[in-house]
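There are 2 protein chains.
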Amino acid sequence: MANNITIVELAAALGLSKSTVSRAFRDSEDINPKTREKILQKASELGFSPNLYASNLRGNKSHTIAIIIPEFGNKFFSQAIKGIEWVARNNGYHVLIYVTDHSAEKEAEIIRTLMNGRVDGVIMSGSGEGNNHEYLTLLQNHKVPLVFFDRYYEDVDTACITGNDFESSYQATNHLITNGARRIAYLAVNKDVSIGKIRMEGYKKALKEANIPINDQFILDTSNVVDVNYADIKKLIEDHRPDAIFASVERLAMSTIRVAKELQLDIPRDLKLICFSCLDIADMLQPSLSVVKQPAYEMGIAATKKLFDILCGRKPEGVREIVFLNSELIFQKSSSKS
Amino acid sequence: MANNITIVELAAALGLSKSTVSRAFRDSEDINPKTREKILQKASELGFSPNLYASNLRGNKSHTIAIIIPEFGNKFFSQAIKGIEWVARNNGYHVLIYVTDHSAEKEAEIIRTLMNGRVDGVIMSGSGEGNNHEYLTLLQNHKVPLVFFDRYYEDVDTACITGNDFESSYQATNHLITNGARRIAYLAVNKDVSIGKIRMEGYKKALKEANIPINDQFILDTSNVVDVNYADIKKLIEDHRPDAIFASVERLAMSTIRVAKELQLDIPRDLKLICFSCLDIADMLQPSLSVVKQPAYEMGIAATKKLFDILCGRKPEGVREIVFLNSELIFQKSSSKS
Chain A
1 MANNITIVEL
11 AAALGLSKST
21 VSRAFRDSED
31 INPKTREKIL
41 QKASELGFSP
51 NLYASNLRGN
61 KSHTIAIIIP
71 EFGNKFFSQA
81 IKGIEWVARN
91 NGYHVLIYVT
101 DHSAEKEAEI
111 IRTLMNGRVD
121 GVIMSGSGEG
131 NNHEYLTLLQ
141 NHKVPLVFFD
151 RYYEDVDTAC
161 ITGNDFESSY
171 QATNHLITNG
181 ARRIAYLAVN
191 KDVSIGKIRM
201 EGYKKALKEA
211 NIPINDQFIL
221 DTSNVVDVNY
231 ADIKKLIEDH
241 RPDAIFASVE
251 RLAMSTIRVA
261 KELQLDIPRD
271 LKLICFSCLD
281 IADMLQPSLS
291 VVKQPAYEMG
301 IAATKKLFDI
311 LCGRKPEGVR
321 EIVFLNSELI
331 FQKSSSKS
Chain B
1 MANNITIVEL
11 AAALGLSKST
21 VSRAFRDSED
31 INPKTREKIL
41 QKASELGFSP
51 NLYASNLRGN
61 KSHTIAIIIP
71 EFGNKFFSQA
81 IKGIEWVARN
91 NGYHVLIYVT
101 DHSAEKEAEI
111 IRTLMNGRVD
121 GVIMSGSGEG
131 NNHEYLTLLQ
141 NHKVPLVFFD
151 RYYEDVDTAC
161 ITGNDFESSY
171 QATNHLITNG
181 ARRIAYLAVN
191 KDVSIGKIRM
201 EGYKKALKEA
211 NIPINDQFIL
221 DTSNVVDVNY
231 ADIKKLIEDH
241 RPDAIFASVE
251 RLAMSTIRVA
261 KELQLDIPRD
271 LKLICFSCLD
281 IADMLQPSLS
291 VVKQPAYEMG
301 IAATKKLFDI
311 LCGRKPEGVR
321 EIVFLNSELI
331 FQKSSSKS
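Taken in order, these protein sequences are the chains called A and B.
For reference, each letter of the first sequence is one residue, going 1 to 338 in full-length UniProt numbering.
For reference, each letter of the second sequence is one residue, going 1 to 338 in full-length UniProt numbering.
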């Protein structure tokens, strides 16, 4: 792809120096994450295309990578795909997209179609169901490197770009406790997948430190079906009257807001709420929504660069390496002291 | 891909008859659109996979199609992609995804990479800039059929699945007039692309019928850059004091809400607002947002089925045919009489 604008023009549009802008496209740690995000966003808007890998990637065959995601339901995934597609396209790569609908069986079938040279590498957020991940070993045997983003499997040795979920879940739960909550429910996306478990561990740590007993009745393992989640959240609230809810993904918070409305519970007076979410309009909701905001777009970019590093031979394949990108906690009305 | 559940189980989960459910997967008009949407949604949630084309598609080579979209910024596109990927996967097809960042140049370059047998067909929402669409003729010369969805080019003879935008824009503007607005501004996404123009025509027709003069100062052609749009919308409001805004895409309405907040204008008292949007949380915004809601997921499904019809030889290639899917108008607080 041709560049529409040069790095000098991009720097001018941002009012930044050329060297600051170019740092944003390298793996440099020597740049403020907020500045990096601003630069990447503007680069995408203006169509700036840094070609970082193309000359080193020529040896690969299909010039295609696959993205595999469990769902399209959260803003997180569309932002991450945007980042992946952007890096890939700017390096002459094509991107296949697959959705597993949270099914481990579908995930395995998709993976099997990718071993015959269709792709040079795979970027995946795990669907989480099932514990047999042999099909991923097969992928590695076929020299198709895999990079996880967000949701990974602990038994698979490969690189992963994810959020600092333990720490941010701990902080989010702590924040609810500080604001007076004691009966705090946790809505898990899936206890079998890394993020479902790790986010719950952060929640539990905060409760323990505050000497609040961990009550299994307050931990809800949810499904992929909106109606079922709605009914389960309603039952949880009616039966156990939590005074706060920590939702591990955005769509569960949305269901919670609808349930609260039906039960005529005021957020935050009767029920405080905080959730993982990449919504850029969380401040416009009624009430404004407190969020743990993951750098989804950056996570997509980082995962693709990691995969290209492996494809270029700059990084080894099949080595476990977890990179944590920090989320931002934004406290708004929904979790306030009311 | 294997089916996880049968059509009988899907019908049972929905409390509907098997024949009603199977109608939703055919091109049958003999089903309520709301029911169809409910069935398709549930099918996706439960992982039901209707295999409609696979045996007829065997003659094709790559078993891959490409989606080309201008941006990821609106919920519309993630919903449409979800529909496209779903139909494709259930028929053994792979899906490549490309984002043009609204650049006609990038669109042409992407198209050029797709002529060498990489894909059997293309589903595209046009980027809109530039008027030379010869590269699309080349695509047809290479026997790669093209189906547009949402944003199409009027000079290209091919099938298109789009919304009834003229009618729904007319109704949305009429609604603002009925609720007392007279100084109604229109925020165009891009006057060069079908939806930018057609939505504006619906707006103009409503003004004419109400004997409200059409004022070019009230028509803002926007860009792809959030900051620029924010500044332009702010200037429009400060200079010309509209009493209502009709935004042709979701992100422009979000910028409008932020500008109104900065200028301390109350929505809807000082400024009424309605926009095209597929947000399923429009009712949760403060104020709840009036929307023209396109059937994005269904549009993605319909476009993919149309492409497969062409690939199967059931429909001719290179014939202009525009299919309109009706949007739903949802009037909430943001456009009310206040």
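Beta carbons: idealized from backbone N, C-alpha and C, even for Gly.
On a predicted model such as this, the values are computed, not experimentally measured, just so you know.
If we ignore side chains and look at the alpha-carbon of each, how far apart do methionine 1 of chain A and phenylalanine 218 of chain B end up?
-> Low local confidence applies: a pLDDT of 36 at methionine 1 of chain A is under 50, so the model's placement there is unreliable, and no value is given.
Taking C-beta pairs closer than 8 Å, name the residues in chain A that residue 340 of chain B reaches, listed in chain order.
-> As shown, chain B starts at 1 and ends at 338. That puts residue 340 of chain B outside it, with no answer to give.
Should serine 277 of chain A and leucine 187 of chain A be called a contact, given that it needs their Cβ atoms to be closer than 7 Å?
-> Contact flag unset, no.
What's the call for lysine 82 of chain B, buried or exposed, on a 16-neighbour Cβ count within 10 Å?
-> By the 10 Å Cβ count, lysine 82 of chain B comes out buried.
Nearest candidate by alpha-carbon position, reference glutamate 262 of chain B, set B:Ala210, B:Leu176, B:Asn190 and B:Glu238 = When each option's Cα is compared against that of glutamate 262 of chain B, the closest is B:Glu238.
So, do the stretch 306–315 of chain A and the stretch 143–155 of chain A have three or more beta carbon pairs nearer to each other than 8 Å?
-> Cβ pair count under 8 Å is three or more, so yes.
Compare the C-beta of valine 95 of chain A against all C-beta atoms of chain B and say whether one is closer than 7 Å.
-> The Cβ of valine 95 of chain A sits closer than 7 Å to at least one Cβ of chain B.
Any chance you could list the alpha helix (DSSP H) runs of at least 4 consecutive residues sitting entirely within the stretch 122–160 of chain B, in chain order?
-> Within the stretch 122–160 of chain B, the complete alpha helix (DSSP H) runs of at least 4 residues are 134–141.
Burial state of glycine 313 of chain A (16 or more Cβ within 10 Å) | Counting Cβ neighbours within 10 Å, glycine 313 of chain A comes out exposed, since fewer than 16 surround it.
Run the CB neighbour count on threonine 162 of chain A, radius 10 Å, all protein chains shown included, and call it buried at 16 or more, exposed below.
-> Counting Cβ neighbours within 10 Å, threonine 162 of chain A comes out buried, since at least 16 surround it.
What residue ranges within the stretch 88–118 of chain A form continuous beta strand (DSSP E) runs of no fewer than 3 residues, ordered along the chain?
-> Taking only runs of at least 3 residues, the beta strand (DSSP E) segments lying wholly in the stretch 88–118 of chain A are 94–99.
Alpha carbon to alpha carbon, what distance is there between alanine 43 of chain B and asparagine 3 of chain B?
-> Caution is warranted here: a pLDDT of 44 is assigned to asparagine 3 of chain B, below 50, making its placement in the model unreliable, and the coordinate value is therefore given only provisionally. When the Cα atoms are used, asparagine 3 of chain B and alanine 43 of chain B turn out to be separated by approximately 11 Å.
Best match in B:Ala303, B:Tyr297 and B:Arg269 for proximity to lysine 34 of chain B [C-alpha to C-alpha] | Closest in C-alpha terms to lysine 34 of chain B, from the list B:Ala303, B:Tyr297 and B:Arg269, comes B:Tyr297.
Consider the Cβ of asparagine 211 of chain B: report whether some Cβ of chain A lies at a distance smaller than 7 Å.
-> No, its Cβ sits nowhere closer than 7 Å to a Cβ of chain A.
Please classify aspartate 101 of chain B: is it buried, with 16 or more other beta-carbons within 10 angstroms of its beta-carbon, or exposed?
-> So aspartate 101 of chain B counts as buried.
Phenylalanine 72 of chain A - DSSP class collapsed to helix/strand/coil | In the three-state DSSP reduction, phenylalanine 72 of chain A falls in the coil class, being neither helix nor strand.
Please work out which residues of its chain come closer than 6 Å, Cβ to Cβ, to alanine 108 of chain A, disregarding the five sequence neighbours upstream and downstream, and give them in chain order.
-> Non-local beta-carbon contacts of alanine 108 of chain A in its own chain, meaning distances under 6 Å to residues more than five positions away in sequence, involve Tyr135 in chain order.
Along chain B, in chain order, which residues have C-beta atoms closer than 7 Å to that of serine 78 of chain A?
-> Against chain B, the beta carbon of serine 78 of chain A has neighbours under 7 Å at Phe72 and Ser78, listed in chain order.
Please go through the same chain and pick out, in chain order, the residues whose beta-carbon is closer than 6 Å to the beta-carbon of leucine 271 of chain B, but skip the five residues on each side of it.
-> Only Ala260 and Leu265 meet the Cβ criterion.
Quick one: which chain B residues come within Cβ less than 7 Å of serine 255 of chain A?
-> Simply none; closest approach about 11 Å.
How would you list, in chain order, the residues of chain A whose beta-carbon sits under 9 Å from the beta-carbon of leucine 285 of chain B?
-> Those within 9 Å of leucine 285 of chain B in chain A are Ile281, Met284, Leu285 and Gln286.
So, is the C-beta of glutamate 321 of chain A closer than 7 Å to a C-beta in chain B?
-> Not an interface residue.
Cutoff 6 Å; reference histidine 5 of chain A; Cβ partners in own chain excluding five residues on either side = Looking at the sequence itself, residue 5 of chain A is isoleucine, so the reference to histidine does not match. If the five residues before and after isoleucine 5 of chain A are omitted, its C-beta is found closer than 6 Å to the C-beta atoms of Leu46 and Phe48, all from its own chain and listed in chain order.
So the alpha helix (DSSP H) aspartate 221 of chain A belongs to, where does it begin and stop?
-> Unbroken run through aspartate 221 of chain A is the beta strand (DSSP E), 219–221; no alpha helix (DSSP H).
Check each candidate in B:Ile65, B:Gln294, B:Ala104 and B:Gly73 and name the one with the smallest Cα separation from glutamate 328 of chain B.
-> Considering only alpha carbons, the answer is B:Gln294.
Alpha-carbon to alpha-carbon, glycine 117 of chain B and glutamate 37 of chain B = Distance between the alpha carbons of glutamate 37 of chain B and glycine 117 of chain B is about 34 Å.
Where DSSP assigns a beta bridge to phenylalanine 324 of chain B, which residues make up the other side?
-> Paired residues: B:Thr162.
Short Cβ contact (7 Å threshold) for glycine 202 of chain A with phenylalanine 166 of chain A | For glycine 202 of chain A and phenylalanine 166 of chain A, yes; Cβs fall inside 7 Å.
Among A:Gly318, A:Asn164 and A:Ala11, which one has its Cα closest to the Cα of aspartate 155 of chain A?
-> The option with the nearest alpha carbon to aspartate 155 of chain A is A:Gly318.
Interface partners of asparagine 224 of chain A on chain B, CB under 8 Å = Simply Glu45.
Who are the near neighbours of glutamine 140 of chain B in its chain, counting only those whose CB is closer than 6 Å to its CB and skipping five residues on each side?
-> Cβ within range, chain order: Gly318.
Measuring CA to CA, which of A:Pro70, A:Pro316, A:Asp30 and A:Leu96 is closest to isoleucine 195 of chain A?
-> The option with the nearest alpha carbon to isoleucine 195 of chain A is A:Pro70.
With DSSP as the reference, please indicate the residues paired to isoleucine 67 of chain A in a beta bridge.
-> According to DSSP, isoleucine 67 of chain A bridges with A:Ile97 and A:Ile123.
At which residues does the beta strand (DSSP E) containing lysine 293 of chain A begin and terminate?
-> From DSSP, the beta strand (DSSP E) with lysine 293 of chain A extends over 290–293.
Comparing the C-beta of asparagine 3 of chain A with each C-beta of chain B, is any distance below 7 Å?
-> Confidence is the limiting factor: at asparagine 3 of chain A the pLDDT is only 44, short of 50, which leaves the residue's position unreliable, though a coordinate-based value still follows. By this cut-off, asparagine 3 of chain A is not an interface position.
Where the alpha helix (DSSP H) containing isoleucine 214 of chain B begins and where it ends | That residue, isoleucine 214 of chain B, is in no alpha helix (DSSP H); it is neither H nor E in DSSP.
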